[in-house]
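What follows is a set of notes on a single structure, which appears directly below.
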Amino acid sequence: MIRRSTLHVMPLAALLMLGMSACQPVSAASDALPAPTVDAPKTTAHGEQVAVLAGGCFWGIEAVFEHVKGVHQVIAGYAGGDADTAHYDEVSEGDTGHAESVQVHFDPAEVSYGTLLQVFFSVALDPTELNRQGPDSGTQYRSVIFYGNTEQQRIAGSYIAQLTAAKSFPAPIVTQVVPLKAFYPAEAYHQNYFRLHPNNPYIVFNDAPKVAQLKRLFPALYQPDRRVVEVQLP
Numbered sequence: 147m148i149r150r151s152t153l154h155v156m157p158l159a160a161l162l163m164l165g166m167s168a169c170q171p172v173s174a175a176s177d178a179l180p181a182p183t184v185d186a187p188k189t190t191a192h193g194e195q196v197a198v199l200a201g202g203c204f205w206g207i208e209a210v211f212e213h214v215k216g217v218h219q220v221i222a223g224y225a226g227g228d229a230d231t232a233h234y235d236e237v238s239e240g241d242t243g244h245a246e247s248v249q250v251h252f253d254p255a256e257v258s259y260g261t262l263l264q265v266f267f268s269v270a271l272d273p274t275e276l277n278r279q280g281p282d283s284g285t286q287y288r289s290v291i292f293y294g295n296t297e298q299q300r301i302a303g304s305y306i307a308q309l310t311a312a313k314s315f316p317a318p319i320v321t322q323v324v325p326l327k328a329f330y331p332a333e334a335y336h337q338n339y340f341r342l343h344p345n346n347p348y349i350v351f352n353d354a355p356k357v358a359q360l361k362r363l364f365p366a367l368y369q370p371d372r373r374v375v376e377v378q379l380p
């Protein structure tokens, strides 16, 4: 496995030789998937809820959800392992139990948890790939829905069952649905990576197409770039 820290400094021709010509979005869905039949009840009371999702490199997942209306902040980080191994160099080895994840802060009066999952499966990843996404492979790139409560668990499980019954993908969905034990923010240089490094070849080939796919499939949900939110790290 080639680490992204190495890919950052490789010339473009070398990246193409490595097969990083993923100019199409990673998701296997060519059209927007149906909305979940089971979702959180609509609310008119504004507030903040949190979703934690993993599906490959956190740069791309972060970029997608930063462009969803109703999402106020997205933090790249790690979930699934212990605090003492929640560091990029260790997580990259693939044996810490962590998955590169994002913590999505959203207003349920503007966007529902189920809609976030609809975007997740339609745009952000290919949920049929086991322990990999695009050019990245290893358990740290597995797809996971880390639920924070029983309602999120119910919505996630129901939606995967719905997509499976509809045969929305050509292969079984391997996305895990597991309880969130803890989320650990990633290092500062990983935050807002898509916004701050738009010309990075990895971003150009792997993540920019996902944001474009979001705009195409969900125009009513899409929001253009906003001011970068500074993540307050502990």
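The opening residue of the sequence shown carries number 147 in the numbering used here; numbering runs sequentially from there.
We treat Cβ as the ideally placed atom computed from N, Cα and C, and that holds for glycine.
From the beta carbon of residue i, is the nearest beta carbon of chain D less than 8 Å away?
i: A312; result: The chain labelled as chain D is not found in the depicted structure, where only one protein chain is given.
Quick check: what's the CA-CA separation for residue i versus residue j?
i: V323; j: D253; result: 22 Å
i: V250; j: V350; result: 23 Å
i: W205; j: A312; result: 30 Å
i: P182; j: Y305; result: 6 Å
i: G216; j: A328; result: 23 Å
i: I319; j: L271; result: 11 Å
i: I148; j: E212; result: Here the model assigns I148 a pLDDT of 42, short of 50, so the residue's position is not dependable and the matter cannot be decided.
i: V198; j: D177; result: 24 Å
i: K361; j: L263; result: 16 Å
i: A317; j: E275; result: 9 Å
i: A160; j: A366; result: Since pLDDT at A160 reaches only 45, below the 50 mark, its modelled position is unreliable, and no value is offered.
i: Q286; j: D235; result: 12 Å
i: Y348; j: C203; result: 10 Å
i: Q359; j: Y368; result: 10 Å
i: N277; j: N346; result: 24 Å
i: G227; j: H192; result: 32 Å
i: D371; j: D230; result: 34 Å
i: R300; j: P355; result: 30 Å
i: T296; j: E194; result: 17 Å
i: L363; j: Y330; result: 31 Å
i: H218; j: P281; result: 29 Å
i: V357; j: Q337; result: 17 Å
Using a threshold of 8 Å, state whether the C-beta atoms of residue i and residue j are closer than that.
i: S258; j: D185; result: yes
i: V265; j: V210; result: yes
i: S238; j: F292; result: no
i: T190; j: A255; result: yes
i: P273; j: S289; result: yes
i: A222; j: A332; result: yes
i: G201; j: Q279; result: yes
i: G294; j: V196; result: yes
If distances are taken between C-alpha atoms only, which option among the options comes closest to residue i?
i: Y335; options: H233, T321, T296; result: H233
i: P188; options: H213, T261, A317, D230; result: Rather than Pro, the amino acid found at residue 188 in this sequence is Lys. Minimum Cα distance to K188 is reached at T261.
i: S268; options: G227, P281, F315; result: F315
i: Q298; options: F364, G280, P325; result: P325
i: L179; options: G227, D371, P355, T310; result: T310
i: E208; options: T231, F364, Y224; result: Y224
Please determine if the stretch 336-351 and the stretch 235-242 are in contact, where contact requires at least 3 C-beta pairs separated by less than 8 Å.
Touching, no.
Which parts of the stretch 242-288 are runs of the beta strand (DSSP E), unbroken and 3 residues or longer, counting only runs that do not cross its ends?
Correct list: 245-252.
At 3 residues or longer, what runs of the beta strand (DSSP E) sit wholly inside the stretch 309-360?
Fully enclosed beta strand (DSSP E) runs of no fewer than 3 residues occupy 322-325, 329-331 of the stretch 309-360, in order along the chain.
What ranges does the beta strand (DSSP E) occupy inside the stretch 188-242, keeping only unbroken runs of at least 3 residues that lie completely in it?
Positions of the beta strand (DSSP E) runs, each at least 3 residues long and wholly inside the stretch 188-242, are given as 195-201, 217-225 in order along the chain.
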